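Per the working numbering, the sequence shown starts with residue 10, numbered consecutively. The beta-carbon is built from N, C-alpha and C at its ideal position, and this holds for glycine as well. Here the structure is a predicted model, which is why all the values come from computation and not from measurement. Encoded as structure tokens, the structure appears first; notes follow it.
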Amino acid sequence: MPAKRLLIVAHAPSPNTQRLLDAVVRGAQSADIESVEVVAKRPFDADAEDVRAADAVILGTPENLGYMSGALKDFFDRIFYAVGEDTEALPYAAYIRAGKDGTGTYNAIRSITTGLRWRPIQEPMILHGEWQEAFVGQCEELGTLVATGLDMGIY
10 MPAKRLLIVA
20 HAPSPNTQRL
30 LDAVVRGAQS
40 ADIESVEVVA
50 KRPFDADAED
60 VRAADAVILG
70 TPENLGYMSG
80 ALKDFFDRIF
90 YAVGEDTEAL
100 PYAAYIRAGK
110 DGTGTYNAIR
120 SITTGLRWRP
130 IQEPMILHGE
140 WQEAFVGQCE
150 ELGTLVATGL
160 DMGIY
């Protein structure tokens with residue numbers, strides 16, 4: 010049985026954002042990583058118990074009107090007070106699919122995760138501008154990075 014659990018909470022309303030989510034999951038489930046269970050959920054399906062059970066979280070969202078998706082905001086609204094200090098120092102990473110610059114989305118995620126006292130693994134990955142196939146590879150690498158860190162006991 011896996012010793013660590015990676016929770017991926019991502020809103021993927023379009024075919025391209027679904028490809029990004031699939032790539033993160035694929036990377037996290039690399040054959041070399043054996044001790045990490047990967048759990049991927051839509052923001053509306055994830056809850057405080059999922060977060061409490063996680064050893065790390067990857068958040069994914071498109072930029073909507075300069076902010077995170079309403080679905081991801083709803084997730085944060087539902088878990089924020091419910092998890093309290095239970096998840097303090099929880100390692101997290103995030104990816105943002107932004108048509109513009111992603112700054113508002115980045116700032117919103119950073120503000121909420123700071124309030125939760127989660128610990129960033131790295132700065133959020135902002136995939137901005139016109140769609141590029143390279144985004145898929147970047148997301149796969151993100152999944153591999155976080156799962157490998159859990160597997161090795163780094164996070």
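According to DSSP, is residue i part of a helix, a strand, or is it coil?
i	result
GLU46	strand
GLY158	helix
ALA32	helix
ARG14	strand
ARG126	coil
TYR115	helix
TYR76	strand
ARG61	helix
PRO24	helix
Let's test the definition: count the other Cβ atoms within 10 Å of the Cβ of residue i and tell me whether it reaches 16, buried, or not, exposed.
i	result
ASP188	What the structure shows of the chain is the stretch from 10 to 164, and residue 188 is not part of that stretch, so it cannot be assessed.
GLY152	buried
SER120	exposed
ALA37	buried
GLU97	exposed
ALA40	exposed
ILE163	exposed
LEU74	exposed
MET161	exposed
PRO133	buried
I think residue i touches residue j, with their Cβ atoms under 8 Å apart; what is that distance to the nearest whole Å?
i	j	result
VAL92	LYS50	In fact, because the Cβ distance is near 15 Å, the residues do not count as touching under 8 Å.
GLY79	VAL33	Wrong, their Cβ atoms sit about 21 Å apart, outside the cutoff.
PHE84	PRO52	4 Å
PRO3	THR112	No information on residue 3 is available, as it lies outside the stretch 10 to 164 that the chain covers here.
ARG87	ASP56	6 Å
GLU139	ARG35	With a Cβ gap of about 23 Å, GLU139 and ARG35 do not count as contacting.
Determine, using beta carbons only, whether residue i and residue j come nearer to each other than 8 Å.
i	j	result
LEU125	ILE67	no
TYR165	TRP127	There is simply no residue 165 to check, as the chain begins at 10 and stops at 164 in what is shown.
LEU29	ARG106	yes
GLY122	TYR76	Reading the sequence as shown, one finds Thr at residue 122 and not Gly. No; because the gap between Cβ atoms is not below 8 Å, this pair is not in contact.
GLN147	LEU159	no
GLU44	ALA12	Contrary to the premise, residue 44 reads as Ser rather than Glu in this sequence. Going by C-beta atoms, SER44 is nearer than 8 Å to ALA12.
ALA62	LEU99	no
ALA156	ILE42	yes
In the DSSP output, which residue or residues are listed as bridge partners for residue i?
i	result
MET134	TYR104
LEU68	VAL18 and ALA103
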